[in-house]
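S.K.: Can you read through this structure? Questions will come right after.
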Amino acid sequence: MTKKNSQPLRDNFDRNLTDLRISLTDQCNFRCSYCMPKEIFGKDYQFLSKKELLSFEEIKLLSNAFVNLGVEKLRLTGGEPLLRKNIPELIHDLKKFKTLKGENVEVTLTTNGFLLQQFTSSLKKSGLDRVTISLDALDENIFRRMIDRKYSPKIVLSGIDAAINEGLAVKVNMVVKKGVNHNQIIPMADYFRTRNIQLRFIEFMDVGNSNQWDSKHVLPSGEIVKLLNRKFGVAEVGRKTASEVAEVWSYSGGGTFGTISSVSKPFCKNCSRARLSSDGLLYTCLFSSSGYDLKKHIRGKSCSQSDREFIETKRSHVENIIKQIWEGRTDRYSEQRLTDKTNTHERKIEMSYIGG
Ligand code: SAM
Ligand code: SF4
Ligand code: SF4
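See below:
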């Protein structure tokens, strides 16, 4: 795999491109009210067809291009990524890419955990670096209300246990919706603190157009930290790197938790993330209204892995396109949300499609 660029790309605000989130499917087995409310994503909702989805070969070709341009982390997401078949094989192949620093690219997965238990062994073998599991409540009724399915949180907890037993690195994400699951903050913190698993509290965001977002349902991270401080005693650790989305805190009795404050404390200034939708469009912001079709530049004439030269030509072509797009990037939606309420009404892409 030849490399032409030795410097990571920089956008208009001097932000590198180091993270790529890849949506493997726009479908999901949950209907979280904050992401895929069932009133919108019902029986008649038109999901992407199989033909429209990027194939694994196309995902690998595009990932290779992104890594050549400076990407160091690939996160597989969706929709629910574990609905897609043969993910361990994809991860195994993605792990072969080397970053500009000559290190192995980091590959992680975000899942709702419902199907995790059956995959932990093959995921571990594939070389997956970390799995992030979303879980919004321990209480069964509240969990069901959040995901709008009659499942038990025990299924997700068993998936988490299986991942830990398999030796996978694990983090847990909890979206906090004030008035719905905020009373789960302490039980969730206690549960994961005693198991030494990092729980990250995410502020309910105004992604997409379907989730009836209202600021009155946002519990600012500052309030969450105060609550946890009163209960456990906490201290600020900070961000591991400037572009990390989560601020990390430690409990006085040991263990850490994170806060992701996209609404109350936006972090656009260091945003190094691009997103690839499951049908191959590149989005430079979670709140974008439109994307850039990369698939049309790599699909067309059929190609096989042996047709190396052909693949290299396409990859090099798409690298030039990505470069131009990133260098023209000016996104800072969350910062603007704080000061200019008008821009929040523009039509945005759905998170289940673009990848969380
Ligand atoms: N289905 C997988 C899952 O739930 O982990 C992966 C995709 S999901 C879109 C990725 C992450 O986005 C999850 O942690 C989810 O909780 C978070 N998310 C979705 N909608 C959100 C919203 N409106 N505000 C904050 N986080 C949200
Ligand atoms: Fe599905 Fe994840 Fe969205 Fe929930 S947050 S509906 S699990 S994609
Ligand atoms: Fe990045 Fe857009 Fe989120 Fe700002 S709003 S942190 S630019 S994805």
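Per the working numbering, the sequence shown runs over residues 534 to 889. Heads up, the beta-carbon is just placed ideally off N, CA and C, and yes, glycines get one too. In this text, all values refer to a predicted model and were calculated from it rather than measured experimentally.
1. Ignore the nearest five residues each way along the sequence and tell me which others in residue 548's own chain have a CB closer than 7 angstroms to its CB.
2. Within its chain, find whatever has a CB closer than 8 angstroms to the CB of residue 540; leave out the 5 residues flanking it on each side and keep chain order.
3. Quick check: residue 745 and residue 692, are their CB atoms within less than 9 angstroms of each other?
4. Is any non-hydrogen atom of ligand 2 found closer than 8 angstroms to the C-beta of residue 613, if you look at the structure I gave you?
5. Which residues in the same chain as residue 776 place their Cβ atom closer than 6 angstroms to its Cβ, once the five residues preceding and following it in sequence are excluded?
6. For the segment 622-641 against the segment 594-603, do three or more pairs of beta-carbon atoms, one drawn from each stretch, fall closer than 8 angstroms, so that the two count as touching?
7. Just to confirm the assignment, what range does the alpha helix (DSSP H) spanning residue 723 have?
8. Under the three-state reduction of DSSP, which class applies to residue 598: helix, strand or coil?
9. Is it true that the CB of residue 882 sits closer than 9 angstroms to the CB of residue 800?
10. Within 10 angstroms of its Cβ, does residue 770 collect 16 or more other Cβ (buried), or is it exposed?
11. Distance, Cα to Cα, residue 675 vs residue 694?
12. Please specify which runs of the alpha helix (DSSP H), each continuous and at least 4 residues long, are wholly inside the segment 762-793, giving them in chain order.
13. Are there any heavy atoms of ligand 4 lying less than 8 angstroms away from the beta-carbon of residue 561, as far as the coordinates show?
14. In the DSSP assignment, find the unbroken beta strand (DSSP E) run with residue 553 in it and report its ends.
15. Taking residue 883 as part of the alpha helix (DSSP H), name the residues at either end of that continuous run.
16. Between which residues of its own chain and residue 779 is the CB-CB distance below 6 angstroms, once the five residues before and five after are set aside?
17. Would you call the CB atoms of residue 680 and residue 672 closer than 9 angstroms?
18. DSSP three-state call for residue 707: helix, strand or coil?
19. Work out the CA separation of residue 816 and residue 823 for me, nearest whole Å.
20. Are at least three pairs of beta-carbons, each pair with one atom in the segment 713-722 and one in the segment 859-872, less than 8 angstroms apart?
21. Can you name, in chain order, every residue of its own chain whose Cβ lies under 6 angstroms from the Cβ of residue 589, other than the five neighbours on each side?
22. What are the uninterrupted segments assigned as alpha helix (DSSP H) that are 4 or more residues long and contained completely in the segment 637-706, given in chain order?
23. Excluding sequence positions up to five away, which residues of its chain have a Cβ less than 6 angstroms from the Cβ of residue 599?
24. Closest to residue 607 by C-alpha separation, out of 653, 586, 550, would be which residue?
25. Got a sec? Which residues, its chain only, sit under 8 angstroms from residue 768 by beta carbon, not counting five neighbours each side?
26. Taking a contact to mean a Cβ-Cβ separation below 9 angstroms, would you say residue 579 touches residue 885 in this structure?
27. Under the assumption that residue 645 contacts residue 667 (Cβ atoms under 8 angstroms), give the Cβ distance between them as a whole number of angstroms.
28. State yes or no: is the C-beta of residue 800 nearer than 8 angstroms to some heavy atom of ligand 3?
29. State buried or exposed for residue 871, treating a residue as buried only when at least 16 other CB atoms are found within 10 Å of its CB.
M.R.: Taking the coordinates as given:
1. 803, 804, 805
2. 603, 633
3. no
4. yes
5. 803, 805
6. yes
7. 718-727
8. helix
9. no
10. exposed
11. 21 angstroms
12. none
13. Of the ligands this structure carries, namely ligand 1, ligand 2 and ligand 3, none is ligand 4.
14. 552-556
15. Premise fails: residue 883 is in no alpha helix (DSSP H) and is neither H nor E.
16. 733, 791, 793
17. no
18. strand
19. 7 angstroms
20. no
21. 623
22. 653-659, 673-680, 686-698
23. 553
24. 550
25. 782, 783, 785
26. no
27. 5 angstroms
28. yes
29. exposed
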